[in-house]
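Since the structure comes first, as structure tokens, the remarks are kept for the end.
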Amino acid sequence: MLPVLVVHGGAGFIPKERVQLSCAGVQAAVRGGYSKLQGQGSAMDAVVEAVTLLENDHHYNAGLGSVLNAKGEVEMDAIVMDGRYLASGAVSAVRKVANPVQLARLVMDKTSHLCLTGEGASQFARSMGFPEVPGESLITEYARMRWKKNLAADANPVECQMGKMG
Amino acid sequence: TVGAVAVDAEGNIACATSTGGMLNKMEGRVGDTACIGCGGYADNRVGAVSPTGEGEAIMKVTLARLILFHMEQGRSAEAAADEALAYMKERVGGLGGVVVVDPQGEWSVRFSSLQMAWAAAQQQTLHYGLYTGEHFTQNI
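In order, the protein sequences belong to chains A and B.
Mapping to our numbering: the first sequence position 23 is 23, numbers consecutive.
Mapping to our numbering: the second sequence position 16 is 16, numbers consecutive.
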């Protein structure tokens, strides 16, 4: 068996000034995750490592640099799935967490549930000693700029994301 | 949205996906990412998928599981992804992209959007691209 890891950033349109760094980010993430596969790491270790690296890269809509909701806050979703046993864990509308994918893995590993949401996910994170970060620390100037632009009544956030603004 | 799929040396398969969601979304809106079969699926017997794109459209067609369904019917990862993405576009007008692996370590990157940054690593080779049809390689 030849180990393999494949990663993606978001589908849509990436503004010219962000193209190079977006491409560099996925390459760095795949290198980081692949190093796990080359060691003793499992496929699960590799995908969580790669996605963690992408969450920490502010050029992507996940973790640091996430887009903002209508209130100007960050709410994130994440999922992991292990193909051995169809085990899965997910979090939704989670706040104040730098790496939701790691929290999703904890949901899979430490609970009998598939998905925890909102404040429940936050309580679970605290009970696991998972680090909480200020919500503001996940917001970038770029995310704030896009949020402001799309507050207009006639704005179409889906169109902006997929076709115009990236 | 970001995501990954992998097959390890023992043939085990996994996927992970993470997102901040949709720009200026309603508070409490949850998209495809947190939903099993939509924002990701992994089964050692079939393969794994991590998608990105318009979350509501992905949920309506359960994109990740749909691709694996096509693979169960004998399609390659690439053909299955193309078929499912075309179905999503035709049926609900949604655009997106996916990364896919199968248990043999065959992999595919497909998208119906303008761009999707992607990268893959296998046999000490790094593969990457951004636009449709782009596929560069370099040694790791």
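Every residue gets a Cβ at the ideal spot worked out from N, C-alpha and C, and that includes glycine.
Quick caveat, the model's predicted, so the values are computed rather than measured.
- HIS135(B) counts as exposed, since fewer than 16 other C-beta atoms from the protein chains shown sit within 10 angstroms of its C-beta.
- Taking 8 Å as the CB threshold, ASP43(B) lines the interface with chain A.
- Nearest neighbour of HIS59(A) by Cα position, chosen from TRP147(A), ASN150(A), TYR142(A), turns out to be TYR142(A).
- Non-local C-beta neighbours of LEU126(B) in its own chain, meaning closer than 6 Å and more than five positions away in sequence, comprise GLN138, ILE140, ordered along the chain.
- Scanning its chain for C-beta atoms nearer than 6 Å, with the 5 sequence neighbours on each side dropped, one finds around GLY9(A) the residues SER22, VAL26, TYR60, in chain order.
- Beta-bridge annotation (DSSP): TRP107(B) is paired with VAL101(B).
- Under the 10 Å beta carbon count, ASP8(B) is surrounded by 16 or more other beta carbons and is classified as buried.
- Proximity of chain B to ALA70(A) at the Cβ level (cut-off 8 Å) is accounted for by ASN24, LYS25, MET26, GLU27, in chain order.
- When DSSP states are grouped into helix, strand and coil, ILE58(B) belongs to the helix group.
- Per DSSP, TYR60(A) lies in no alpha helix (DSSP H) and is assigned neither H nor E.
- Using a CB distance cut-off of 8 Å, LEU68(B) does not count as an interface residue toward chain A.
- The beta carbon of ILE13(B) falls within 8 Å of a beta carbon belonging to chain A, placing the residue at that interface.
- Under the three-state reduction of DSSP, HIS127(B) is assigned to strand.
- Looking from the CA of ARG31(A), the closest CA among VAL48(A), GLU17(A), GLY83(A) belongs to VAL48(A).
- Classified as buried, ALA90(A) has 16 or more neighbouring CB atoms from the shown chains inside 10 Å of its CB.
- Pairing GLY105(B) with ILE67(B), the inter-Cα distance amounts to about 16 Å.
- With contacts defined as CB atoms closer than 8 Å, LYS25(B) and ALA70(A) qualify as a contacting pair.
- By the rule that beta-carbons nearer than 8 Å mark a contact, ASP8(B) touches chain A.
- Residue-level contact by beta carbon fails for LEU63(B) and chain A, as no gap is shorter than 8 Å.
- Annotation: the continuous beta strand (DSSP E) that includes PRO51(B) extends over 47-53.
- Per DSSP, the continuous alpha helix (DSSP H) segment holding VAL92(B) begins and ends at 77-92.
- With respect to VAL4(A), VAL101(B) sits close: the two C-beta atoms are nearer than 8 Å.
- Taking one beta carbon from each stretch, the region 64-83 of chain B and the region 103-119 of chain A have fewer than 3 pairs nearer than 8 Å; the two do not touch.
- Proximity of ALA81(B) to chain A, defined by a Cβ-Cβ separation below 8 Å, is not satisfied.
- Under a criterion of Cβ atoms nearer than 8 Å, the residues of chain B adjacent to ALA62(A) are, in order, THR1, VAL2, SER18, THR19, GLY20.
- Residue-level contact by beta carbon holds for ASP77(A) and chain B, with a gap shorter than 8 Å.
- Within the region 17-95 of chain A, the complete alpha helix (DSSP H) segments at least 4 residues long are 43-55, listed from N- to C-terminus.
- For SER50(B), the closest C-alpha among the options CYS35(B), GLY39(B), MET59(B) is that of GLY39(B).
- Against chain B, the CB of ARG144(A) has no partner CB under 8 Å away; the residue lies outside that interface.
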